[in-house]
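Read through the structure below, which is laid out as structure tokens, and then see the notes.
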Amino acid sequence: MNKNFLRDLPELVRAQVISDDTAQKITAYYNNKPSTSNSRLFIVFGILGALLVGMGIVLIIAHNWDTLPRTAKLVIGFVPLFIGQAVCGYLILKGSDSKSWREGCATFLFFAVAISISIVSQVYNIEGNFGQFLLLWMALAIPIVYVLRSSMASLLFICGITWHACEVAYFNSQGYAVWYWVLLIAILPFYYHEFFRRHNKNNFFYFHSWFLTTSVTVCLGVFIDNHGELLMIAYLSLFSAFVILSELNAFATTRVLSNAYLVVGSLGIMVLLLTLSFDWYWNELSGTSFEGIASGAEFPVAASLSCVAGVLLFILLRTTHFTDVNSKSFAFILFIVLFFIGLNSPTAAQLLVNVIILVFAVNTIRRGARQNHLGILNYGLLIITALILCRFFDTDFSFVIRGLLFIAVGVGFFGANFYMIQQRKKTE
Amino acid sequence: MKKFTTALFLAMCLFQWFVPAKMIYDSEMVVRDGTPYKFKTQPVDPSDPFRGKYVTLNFEANAVTLADSADWVPGEEVYVVFTTDSAGFATAESLHREKPSSGPYLKTTVNYISSNEPFMVFFELPFDRFYLEESKASQAEQVYWTSQRDSTQVTYGLVSIGTGTAILKDLMINDTSIVEIINRLNAEDE
């Protein structure tokens, strides 16, 4: 990019936009400036190298060399841990600030820990399902994140605990994966210190945001017990909290699509609401007593997440005007009201879900038009299309009406985009 | 700051060595001082992405018959004392809520309880994996099923039980290690 810019300098001098002297100063500045793209490449290749080597050794160890005596197997299994710790120790003692070395070594050490506990389990046939193995690995690996201040180790850690929760709760039905939540809380200080306190919104920040939002979304389902209906409140509160966070300055990003909180939160809300626009959920809910539902394990989860979303909304409304807030931030409040309506009159609740989706869609289109953002505008139109598609399957509308609705939305798509592009041309 | 990081790093290294070393020490103690038992079993062959191929063992001695259910509940911690039957294989003798005064005994959890009399209390046997070299795990299963056609052949896990923990030392078919049988078969094929 710098080189392209320097290529334009003679033209700028000829056009007398800048003086010859300024052009020389600019050239000298960029020639002396250390290249950030090179160091970024070193970090990527350092991590990739360590990741591949670490995983390669894991697979070699997993072969189980039964011709080797027990002691030899154990010694070989601990060599990667020794090497990893030795190199990391050298970096710390030397006070090295090289991010590429730190990330690469931390990644290798992360896998070396897995190798050491794998070999012991293998040699002694130590019982323990895969979930327990992952838990032990993550517990031994979390200090790497803090000691080496490694973002890659932190990302691997988030993947590891998510895998652990899935193994424990989904694949083996062994409870609520309590350790997942403990370890998730344990990683949050790093996330805060590395990215928020230092105001450091690099690529690792985006990756962390994506990994954390996805991980929590996947793992919240572990709380499903006998009253899955309440988990819908928990999920809508979680997604609303994500949308609210994306509105806060600390979580704001330059591009809409790079904001994991906004994308996961908004898509989550819309997918759930579209699912709720069918009758199956409300049919299951109707006739059940709230006291019965509240006795389930889902109730405290749903209640605490709703409180968290409520507090976040309160904080947001202190700095932002009600009308400027993303309407999906209120999804959890609306749904809690619908939930209580649905206990007695499911049809009314189902109908109101359709109205809420429509309101959110119109608001999204308005927001897109106001921000002159074609992506947001089309997202709003897509929500309407999805709503019509859903009703395509479960309503008694005649084919003519459904056809006309689709034509209307199609025309809407074309018209709105055409209008926006024309507006942009005018302002240019 | 550097001193703090160095201290933290040293603590991390100690922690990362201590846990696997403790695993090794505990296992070695059971292997050395534990009482050996033979558990009749059936092997099947799954795989673990980190620890490699293994055979899962379904042991027969995983329950105790009681005249009284004694209000055992699934998931409850239990101490199991084993004995050997007339053929020399392990059978569970008694269940205890309190740690027995002397070993060998196994600390584990109750799986489930049959609802009819006499009450059968089923418990976990926490040594159900036998790791093998990757090409031998499926061979081990085949060898087992071949041996089953001959009713005189018997498959068992050789387990060493200490005070609370147990280590699966070997998987045997008629007093010969399954690894040895596979090695012999492979040598014959060559």
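Top line first, the protein sequences correspond to chains S and D.
Under our numbering, the first sequence is numbered contiguously, ending at residue 428.
Under our numbering, the second sequence is numbered contiguously, ending at residue 190.
Note that beta-carbon positions come from the ideal geometry of N, C-alpha and C, so glycine has one too.
It should be emphasised that the depicted structure is a prediction, and the values quoted were computed from it without experimental measurement.
Distance, Ile-357/S Cα to Arg-97/D Cα: Cα-Cα distance, rounded: 57 Å.
Within chain D, the residues that Gln-85/S reaches when beta carbons sit closer than 9 Å: Phe-9, Met-12, Cys-13, Gln-16, Trp-17
Length-filtered (3 minimum) beta strand (DSSP E) runs lying within the stretch 120-159 of chain S: none
Per DSSP, cross-strand counterpart(s) of Ala-166/D: Ile-161/D
Contact list for the stretch 129-149 of chain D against chain S, Cβ threshold 8 Å: Arg-129, Phe-130, Tyr-131, Leu-132, Glu-133, Glu-134, Lys-136
Under 7 Å between C-beta atoms of Ser-121/S and Gly-77/S: no
Partners in chain S for Asp-48/D, counting only beta-carbon separations shorter than 8 Å: Ala-62, Phe-130, Phe-133
Interface positions of the stretch 164-181 of chain D facing chain S (Cβ-Cβ less than 7 Å), listed along the chain: Ile-167, Leu-168, Val-179
Chain D within 7 Å of Asn-372/S, Cβ atoms only: no
Closer than 7 Å at the beta carbon, the chain S residues around Ile-24/D: Leu-74, Val-120
Chain-ordered chain D contacts of Cys-88/S [CB-CB under 8 Å]: Phe-9
Length of the line joining the Cα atoms of Ile-407/S and Asn-378/S: 16 Å
Given 8 Å, three or more beta-carbon pairs between the stretch 235-247 of chain S and the stretch 345-359 of chain S: no
Same chain, Cβ closer than 7 Å to Asn-174/D, neighbours up to 5 away in sequence not counted: The residues Gln-153, Val-154, in chain order, have a CB closer than 7 Å to that of Asn-174/D in the same chain once the five nearest residues on each side in sequence are set aside.
For Lys-53/D, the three-state DSSP class (helix, strand or coil): strand
Option nearest Phe-299/S by Cα separation, candidates Phe-223/S, Val-123/S, Phe-413/S: Phe-223/S
CA-to-CA distance, Asn-259/S to Ser-246/S, given in whole angstroms: 7 Å
Contact under 7 Å by Cβ, Val-123/S with Lys-201/S: no
Own chain residues within Cβ distance below 6 Å of Met-1/S, not counting five before or after: Low confidence applies here, because Met-1/S scores a pLDDT of 45, under 50, leaving its location unreliable and the question unanswered by this model.
Proximity winner among Glu-229/S, Ala-177/S, Arg-370/S, Val-44/S, relative to Phe-290/S (alpha-carbon distances): Glu-229/S
Pair within 7 Å by beta-carbon distance, His-164/S and Leu-140/S: Not closer than 7 Å, so no.
Three-state secondary structure (DSSP) of Leu-257/S: coil
Environment of Glu-192/S [buried if 16+ CB atoms lie within 10 Å]: Note on identity: in this sequence residue 192/S is Tyr, with Glu being the wrong assignment. Counting Cβ neighbours within 10 Å, Tyr-192/S comes out exposed, since fewer than 16 surround it.
Segment limits, beta strand (DSSP E) that includes Ala-63/D: 63-66
Contacts around Glu-93/D, its chain only, beta-carbon distance under 7 Å, and the 5 residues preceding and following it disregarded: Excluding sequence neighbours, Glu-93/D sits near Val-81, Phe-82, Thr-83.
DSSP state of Thr-320/S mapped onto helix, strand, coil: coil
Test: Thr-6/D CB closer than 7 Å to a CB of chain S: yes
Below-7 Å beta-carbon distance, Ser-160/D vs any chain S residue: no
Simplified DSSP state of Met-1/S, which is helix, strand or coil: For Met-1/S, the pLDDT reaches just 45, beneath the cut-off of 50, and the residue's location in the model is therefore unreliable, although a value from the coordinates is still provided. Coil at Met-1/S, not helix or strand.
Distance, Ala-87/D Cα to Ile-178/D Cα: Rounded to whole angstroms, Ile-178/D to Ala-87/D spans 20 Å at the Cα level.
Residue-chain proximity (Val-168/S, chain D), Cβ-Cβ < 7 Å: Between Val-168/S and chain D, the shortest Cβ-Cβ separation is not below 7 Å.
For Ser-102/D and Tyr-79/D, the rounded distance between their alpha carbons: 11 Å
Phe-418/S to Gly-380/S span [Cα, whole Å]: 15 Å
Segment contact, 8 Å Cβ cut-off, at least three pairs: the stretch 273-292 of chain S with the stretch 363-375 of chain S: no
Rounded separation between Glu-60/D and Leu-106/D - CA only: 16 Å
At least three beta-carbon pairs within less than 8 Å, the stretch 45-52 of chain S to the stretch 97-112 of chain S: yes
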